[in-house]
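**Q** For the sequence shown, my numbering begins at 457 and goes up steadily by one.
The beta carbon of each residue, even a glycine, is placed where N, CA and C say it ideally should be.
Nothing here was measured: the structure is a model prediction, and the numbers come from that model.
The structure that follows is given in the form of structure tokens.
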Amino acid sequence: MKTKLQICIIDEHDDIENLTKLLKREFPEFKVAFYTNNIEDAYIYLSKNSPHLLFLNMKFIDENGIKIFRKIRRNLSQIIFIAESEREAIEAIKKGVTDYLLKPIKNLDFVILINKALEAINYQKTFTYSNSLQNKINIPTIQGFKRINIDEIIRCEADSNYTFIHLLDKTKVLVCKTLQEFENYFSEHNFFRVHHKHLINLDHLREYIKGKGGQVIMTDNSVVDVSVRKKNDFLYKMDSSN
């Protein structure tokens, strides 16, 4: 029997039931593995489990919720936020959130976002890598694929719907994939998106320079901007890794 994809839902009780019914009807390949209307309970579950998809009501992301969410987000594959109002949705867009559902949830919007999440999940599976000492991945190219050691990737840089992968030997590989797709995959590794154009390997971070957003200097001496929006998350990440 094929293993179903796991879902976690953090929302109000009635809305959890509605989401569960929608999933059962439209996407039987998913299974609701856990649900709650308490962010602390969600943290306990997510600290031990890595579901393929998380539905998260934005009303639960208060100051305390943000701290908890920062700790658990590395264990997540795909996240769909739920907005209670248009005002909340606008605030989400300002923060760079693109995958959100506005209540009351429309069936078409729901199907579109779930299909998008499925594409991202399936894409992650196309990356083959080993947890051995080699820890390599296959990067698709026009000619076929290039096998690269993850430890040799210094940073990834967005160029429209393409991504440049900058390597330790100062070469770079152009891949016909978005930076978001690489961010999803490298979430299990020590990478962080410091800017909408830049995803860096924190193992190759040499220095941080203060500023409105600031800048980071990598081991290849490249200088990368840190966006104002990403600055606090970046500093929190670096502080928690000490």
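How would you label V679, buried or exposed, when you count the other beta carbons within 10 angstroms and need 16 or more for buried?
**A** Looking at its Cβ environment, which holds fewer than 16 other Cβ atoms inside 10 Å, V679 is exposed.
**Q** I'd like the span of the beta strand (DSSP E) that includes L509, first residue to last.
**A** Counting along the chain, the beta strand (DSSP E) containing L509 begins and ends at 509-513.
**Q** Expressed to the nearest angstrom, what Euclidean distance is found between the alpha-carbon atoms of E482 and I517?
**A** The alpha-carbon atoms of E482 and I517 are separated by roughly 28 Å.
**Q** Restricting to Cα atoms, I'd like to know which of L564, L635, F648 is closest to D689.
**A** Ranking L564, L635, F648 by Cα distance to D689 puts F648 first.
**Q** Between which two residues does the alpha helix (DSSP H) harbouring L479 extend?
**A** Counting along the chain, the alpha helix (DSSP H) containing L479 begins and ends at 469-482.
**Q** Please report the residue range of the beta strand (DSSP E) in which F601 lies.
**A** Note, F601: beta strand (DSSP E), 601-605.
**Q** Leaving aside the five residues before and after I465 along the sequence, list all residues of the same chain whose C-beta is less than 7 Å from its C-beta, in chain order.
**A** The residues are I472, L475, V488, Y491, F511.
**Q** Here's a check: name, in chain order, each residue in its chain whose Cβ is nearer than 7 Å to the Cβ of I656, leaving out the five neighbours to either side.
**A** Hits under 7 Å: R611, F647, F648, V650, V672, M674, V680.
**Q** Taking the C-alpha atoms as reference points, what is the distance between D470 and T619?
**A** Distance between the alpha carbons of D470 and T619: 41 Å.
**Q** What are the residues that DSSP puts in a beta bridge with L558?
**A** Partner(s): A539.
**Q** Closer than 8 Å by C-beta to S588: which residues in its own chain qualify, once you throw out the five before and the five after it? Chain order, please.
**A** Here S588 scores only 41 on pLDDT, less than 50, and its place in the model is too uncertain to base an answer on.
**Q** Cα-Cα, which of Y556, T627, E663, K653 is closest to E639?
**A** Cα-wise, what sits closest to E639 is K653.
**Q** From what residue to what residue does the beta strand (DSSP E) around I517 run?
**A** Here I517 belongs to no beta strand (DSSP E), and DSSP marks it neither H nor E.
**Q** Taking the alpha carbon of K572 as the reference point, which residue from E608, E496, Q636, P560 has its own alpha carbon closest?
**A** For the residues E608, E496, Q636, P560, the minimum Cα distance to K572 belongs to Q636.
**Q** Helix, strand or coil: how does DSSP classify V567 here?
**A** It is helical.
**Q** As a quick exercise: from L461, G670, V682, K666, pick the residue whose alpha carbon is nearest that of S506.
**A** Cα-wise, what sits closest to S506 is L461.
**Q** Would L509 and F486 be called neighbours here (beta carbons separated by less than 8 Å)?
**A** Yes; because the gap between Cβ atoms is below 8 Å, this pair is in contact.
**Q** Closer than 7 Å by C-beta to H660: which residues in its own chain qualify, once you throw out the five before and the five after it? Chain order, please.
**A** These residues qualify, in order along the chain: I610, M674, T675.
**Q** Please name the residue or residues paired with T619 in a DSSP beta bridge.
**A** For T619, which the question treats as bridged, DSSP gives the partners A614, V631.
**Q** In three-state terms, what does DSSP make of E485?
**A** Coil, per DSSP.
**Q** Based on Cα-Cα distance, which residue from K686, M694, L502 lies nearest to E663?
**A** Comparing Cα positions, the closest option is M694.
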